[in-house]
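Asker:
Residue numbers (UniProt numbering): 1 to 125.
#1: Report the residue from 60, 38, 92 whose alpha carbon sits nearest the alpha carbon of residue 102.
#2: To the nearest angstrom, report how far apart residue 16 and residue 6 are at their CA atoms.
#3: Going by other Cβ atoms of all chains shown within 10 Å of its Cβ, with 16 needed for buried, is residue 111 buried or exposed?
#4: Give the C-beta separation of residue 14 and residue 51 to the nearest angstrom, bearing in mind that I take them to be a contact with Cβ-Cβ under 8 Å.
#5: Check whether the region 87-101 touches the region 63-78, counting contact only when three or more Cβ pairs, one atom from each stretch, lie closer than 8 Å.
#6: Let me make sure I understand the geometry here. Which of 78, 95, 106, 57 has the alpha-carbon closest to that of residue 35?
#7: From residue 67 to residue 43, what distance separates their C-alpha atoms?
#8: Report the rounded CA-to-CA distance for residue 120 versus residue 45, giving the unit in angstroms.
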């Protein structure tokens, strides 16, 4: 394996693109960021770029949902929750938003690497 510099956002569980196990570890890691039922779709395991695209869109959507939820939570919940509970909900939105933003950056770098790897191969017929 060559000495390869990985982006700062590269996930710890994914081997470098230069390794033979890159795609296998990338697929496993990407599935961990999706609902379990996505594993039933064999096409996603067979075509890691399709999986990374789907994961990228899924996590981006979840991040946007968390941002929208954060913006509206105080108003939406003020009549049904006590102030301390609303503060806890806001904290949950912040924590999950940060976690999803980190995951999205990592998915993006893995997606970029998978796409670069895919362009080096000839398509199956």
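For each residue, glycine too, the CB sits at the ideal point set by N, CA and C.
Answerer: To lay it out plainly:
#1: 60
#2: 7 Å
#3: buried
#4: Contact doesn't hold; Cβ gap of about 12 Å is too wide.
#5: yes
#6: 57
#7: 31 Å
#8: 19 Å
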